[in-house]
Amino acid sequence: MTLTPLFQIDGQPLYAPDADVTPSYADLDSSDSGRDASGVMHREVVREKVATWPFAYAALTDAEYAYLVGLFAGKATFAFTHPRAGSSSETVTTTCYCSNYSIAWRSARDGSWRNLKFNIIEC
Numbered sequence: 008m009t010l011t012p013l014f015q016i017d018g019q020p021l022y023a024p025d026a027d028v029t030p031s032y033a034d035l036d037s038s039d040s041g042r043d044a045s046g047v048m049h050r051e052v053v054r055e056k057v058a059t060w061p062f063a064y065a066a067l068t069d070a071e072y073a074y075l076v077g078l079f080a081g082k083a084t085f086a087f088t089h090p091r092a093g094s095s096s097e098t099v100t101t102t103c104y105c106s107n108y109s110i111a112w113r114s115a116r117d118g119s120w121r122n123l124k125f126n127i128i129e130c
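For what it's worth, our numbering labels the leading residue of the sequence shown as 8, then goes sequentially.
In structure tokens, the structure reads:
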């Protein structure tokens, strides 16, 4: 696998993911937001366009798996470097977290881990 400087956690590069990283953006509403008895939605947006970056890796060796998970293990938040929206080469750094990840059991046949998936979420 190839490490890429376009995506970094605390200055350490991530492996280039197998598929495109497609960030999504969501607004955060206050606890006072919600629908009234007529079904009309009343929103109090406390923050706009909070980003989530999904990463997926089809197959990893023991060392690659340990490296990737070790980048965010034990950290409540970290500095995440990623391409600036609209630029293929310029990067920005944002405070983010990774609350969970999933991976399939190691393949005894070829000695690799399968389907590591995690989201990096903007704080």
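We put the beta carbon where it would ideally sit given N, CA and C, even for glycine.
Values in this document were obtained by computation on a predicted structure and should not be read as measured data.
Around the C-beta of residue 35, fewer than 16 other C-beta atoms lie within 10 Å, and the residue is accordingly described as exposed.
In this structure residue 64 is in contact with residue 25, their Cβ atoms being roughly 6 Å apart against a cut-off of 8 Å. For residue 47, there is no enclosing alpha helix (DSSP H), as DSSP gives it neither H nor E.
Within the region 37 to 122, the complete beta strand (DSSP E) segments at least 3 residues long are 52 to 67, 85 to 90, 98 to 104 and 108 to 111, listed from N- to C-terminus. Of all C-beta pairs linking the region 81 to 97 to the region 35 to 52, fewer than three are shorter than 8 Å, placing the two stretches out of contact. With 16 or more other Cβ atoms inside 10 Å of its own Cβ, residue 88 counts as buried.
Taken through DSSP and simplified to helix, strand or coil, residue 29 comes out as coil. Looking at the backbone, the Cα of residue 128 and that of residue 116 are separated by about 34 Å. Beta-carbon to beta-carbon, residue 100 and residue 13 are separated by about 12 Å, too far to satisfy the 8 Å threshold. Note: residue 9 is not bridge-paired with any residue in the DSSP secondary-structure output. Out of 50, 48 and 86, the CA that lies nearest to the CA of residue 17 is found in 86. Listed in chain order, the non-local C-beta contacts of residue 60 below 6 Å within the same chain comprise 28, 30 and 127, local neighbours out to five positions each way being set aside.
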